[in-house]
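Counting along the sequence shown from 1, when you hit position 142 you're at 142 in the working numbering, and nothing is skipped either side.
Everything below concerns the one structure shown next.
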Amino acid sequence: MIICKSRDEIEKMKKANKTVSIVLNELKNMIKPGVSVELLDKVAEEMIRKMGGIPAFKGYKPSKFAKKEYPYTICTSINEEIVHGMPVKRILKEGQIISIDLGVRVDGYYGDAAITVPVGKISDEAERLIRVTENALFLAIEEVRVGNRISDISYTIQSYVESNGFSVIRDFVGHGIGSSLHEEPQIPNFGQPGQGIRIKEGMTFAIEPMVSMGSYEVEILEDSWTAVTKDRSFAAHFEHTVAVFSDGPEILSLFNSSKN
């Protein structure tokens, strides 16, 4: 069942997403060669709890792949890792890229967003991968309008990414979000336009293109969480939480949102 949110509920979601935005911005500024990924997780949890939030991922119930609850506050996926990479004791190195995914609960409502950040100087192709993935997200958000269909979002992501010579990851999807971290509907990053449910005012989505330099095929590592590209090509991930209003979409996880 897809839940349309009231204005009051969306205001509560804004609080959670503001926390997400502030923490992600702090972590982004910390990214450089020599930084411990474990430190990023520690800083994220301390900031969230200081602002009155609860880490949404820590202790999250197992996915269809996972054998255990997720034990960290953030997901940190490096290079060929697509999503759900764990912030274990690793040190960032020049030339890597790192995706940071963060969810927060505040007053019973959730925020969710992700960014991909270069570590020092990276290759031109890695820079282009990051740029194309982020552009795909913002193009997709423009399709989050009353009367459009869910697959219009999916098609926009796939067509833009593939026109730039990259591949869309198909094993993971965007999703509804609200008083639960993952709600209906699922929002694939590929598909034909004009299909699926019609978008209505009050719907709230987490849209999250995941893009590979090479194949879209995926493997899950032995930790049962970390997803990597099968060909070990670099992958990037961007995500925003978005609300649908009669006059268009509002990005709740963007700190300087136009409707704030």
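Cβ coordinates follow ideal geometry from the N, Cα and C atoms, glycine included.
Whether or not the region 32–47 and the region 129–138 are in contact is what I'm after, with contact meaning three or more pairs of Cβ atoms, one per stretch, closer than 8 Å; do they touch? Cβ pair count under 8 Å is below three, so no.
What runs of the beta strand (DSSP E), each 3 residues or longer, lie entirely inside the region 103–153? 109–118
Helix, strand or coil at N256 according to DSSP, with G and I counted as helix: Only weak support is given to the placement of N256: the predicted model assigns it a pLDDT of 47, under 50, and the value that follows is read from those uncertain coordinates. Note: N256 maps to coil in three-state DSSP.
E250 - containing beta strand (DSSP E), residue span: 248–251
Determine contact between the region 46–57 and the region 139–146, defined as no fewer than three beta-carbon pairs at a distance below 8 Å. no
Nearest to K230 (by Cα), restricted to the options P87, F238, T204, E81: E81
Measuring CB to CB, does K14 end up less than 7 Å from L252? yes
Can you check which of these residues, Y110, M210, I197, Q158, is closest to R149 by C-alpha distance? I197
Report all residues from its chain with a CB closer than 8 Å to the CB of G191; omit the five preceding and five following residues, and keep chain order. S151, S154, Y155, Q158
Compute the Euclidean distance between the alpha carbons of I187 and S167, then round it to the nearest angstrom. 17 Å
Terminal residues of the continuous beta strand (DSSP E) containing M210? 210–212
If you follow the alpha helix (DSSP H) that I10 is part of, which residue opens it and which one closes it? 7–30
Please report the residue range of the beta strand (DSSP E) in which E183 lies. Where E183 is concerned, the enclosing beta strand (DSSP E) stretches over 183–187.
Where A69 sits in the DSSP three-state scheme: Rather than Ala, the amino acid found at residue 69 in this sequence is Glu. Reduced to three states, the DSSP call for E69 is coil.
In or out: N29 buried (at least 16 other Cβ within 10 Å) or exposed? exposed
Taking the C-alpha atoms as reference points, what is the distance between E127 and A235? Rounded to whole angstroms, E127 to A235 spans 11 Å at the Cα level.
Starting from V43, trace the beta strand (DSSP E) in both directions and tell me its first and last residue. From DSSP, V43 is part of no beta strand (DSSP E) but of the alpha helix (DSSP H) over 37–50.
Are A206 and H175 touching if we call contact CB-CB under 7 Å? yes
For the beta strand (DSSP E) containing K78, name the first residue and the last one. The residue you asked about is not Lys; residue 78 is Ile in the sequence shown. In the DSSP annotation of this structure, the continuous segment of the beta strand (DSSP E) that includes I78 starts and ends at 74–78.
Who are the near neighbours of E201 in its chain, counting only those whose CB is closer than 8 Å to its CB and skipping five residues on each side? C4, V146, V244, F245, S246
Got a sec? Which residues, its chain only, sit under 8 Å from P249 by beta carbon, not counting five neighbours each side? By the criterion of a C-beta distance shorter than 8 Å, P249 is surrounded in its chain by I141, E142, V144, R145, V242, A243, once the five residues flanking it on both sides are discounted.
Sheet register partners of A235 (DSSP bridge): S212
Just the C-alpha distance for I199 and I91, rounded to the nearest angstrom, thanks. 43 Å
So the beta strand (DSSP E) F205 belongs to, where does it begin and stop? 204–207
Using the Cα positions of L102 and M213, report the straight-line distance between them to the nearest angstrom. 23 Å
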